[in-house]
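A.B. asks:
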Amino acid sequence: QITHQQMAVLEVVLAAFILVFSLLLSVENFGLQAERMKNCGTELTILARRLDGYRDQKIPVSIYEEFVGQYGNILTRYGNHTYADYLVSSLENQRKSPGQLYSIRYLFTAASALTRTSLGFIHYVAFIVVLVTLFTSLF
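In terms of the numbering used here, the sequence shown opens at residue -7 and continues consecutively.
#1: Mapping the DSSP letters down to three states, classify Thr37 as helix, strand or coil.
#2: Could you check where the alpha helix (DSSP H) with Asn21 kicks off and where it finishes?
#3: Within its chain, find whatever has a CB closer than 7 Å to the CB of Leu36; leave out the 5 residues flanking it on each side and keep chain order.
#4: Where Gly61 and Thr125 are concerned, what is the direct C-alpha to C-alpha distance, given to the nearest angstrom?
#5: Label Ala0 either buried or exposed according to how many other C-beta atoms from any shown protein chain fall within 10 Å of its C-beta, with 16 as the threshold for buried.
#6: Would Phe9 pass as a contact of Leu123 if the rule is Cβ separation under 8 Å?
#7: Output the distance between the C-alpha atoms of Val80 and Asp44, rounded to the nearest integer angstrom.
#8: For Ile55, which of Ala118, Thr68, Leu39, Arg108 has the nearest alpha-carbon?
#9: Can you give me the start and stop residues for the alpha helix (DSSP H) that Thr109 sits inside?
#10: What residue range is occupied by the uninterrupted alpha helix (DSSP H) comprising Gln86?
#11: Would you kindly work out how many angstroms separate the C-alpha atoms of Val5 and Ile(-6), rounded to a whole number?
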């Protein structure tokens, strides 16, 4: 059985771990990242709609360069997506193509995306492993 003193120590340790975990999550600032990505996507959509007006036309070099400059400016103003974001997007595009779902390319991209995404959260996994190890060692 657990004594009152052991329970008090356990509560303090768990409270400290929860505090550290909360601080790690707050540093990530997911809300701001999501808002910036949304704003970037909105501006790119507006640019794409303007460019769509030139569909089936030969675009003069000056207009092309203007669009390229605007595209670069939009990407510069916002934080870039990670390579894992690119891989997930690539998976979504491959799913839309019939016959691509179980190709070697699709499976490789899926494995790469999973690996890259999970590595971004490895410190959370390590934190949980330490917490579980500590908890089980007390009992």
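Glycine included, every Cβ here is placed at the ideal spot set by N, Cα and C.
C.D. replies: Judging by the given coordinates:
#1: Against the sequence shown, residue 37 aligns to sequence position 45. Reduced to three states, the DSSP call for Thr37 is helix.
#2: Within the sequence shown, numbered from 1, the residue matching residue 21 stands at position 29. Counting along the chain, Asn21 sits inside no alpha helix (DSSP H), nor does DSSP assign it H or E at all.
#3: Position 44 of the sequence shown, counted from the start, is the residue given in the question as residue 36. Taken in chain order, the residues that qualify are Ile66.
#4: What you label residue 61 is simply residue 69 of the sequence shown in a count that begins at 1. What you label residue 125 is simply residue 133 of the sequence shown in a count that begins at 1. Gly61 and Thr125: Cα-Cα distance of roughly 53 Å.
#5: Taking the sequence shown and counting its residues from 1, the one referred to as residue 0 is at position 8. The residue is exposed, with fewer than 16 neighbouring Cβ atoms inside 10 Å.
#6: Translated into the one-based positions of the sequence shown, residue 9 becomes position 17. Translated into the one-based positions of the sequence shown, residue 123 becomes position 131. Yes.
#7: Translated into the one-based positions of the sequence shown, residue 80 becomes position 88. Translated into the one-based positions of the sequence shown, residue 44 becomes position 52. Their backbone Cα atoms lie some 26 Å apart in a straight line.
#8: For the purposes of this step, residue 55 is taken as the residue at position 63 of the sequence shown. Nearest of Ala118, Thr68, Leu39, Arg108 to Ile55, Cα basis: Leu39.
#9: Translated into positions along the sequence shown, residue 109 becomes position 117. Segment 96 to 111, the alpha helix (DSSP H) holding Thr109.
#10: Locating residue 86 in the sequence shown gives position 94, counting from the first residue. For Gln86, the enclosing alpha helix (DSSP H) stretches over residues 75 to 87.
#11: On the sequence shown, residue 5 is found 13 positions in, with the first residue counted as 1. On the sequence shown, residue -6 is found 2 positions in, with the first residue counted as 1. CA-to-CA, the gap between Val5 and Ile(-6) works out to about 15 Å.
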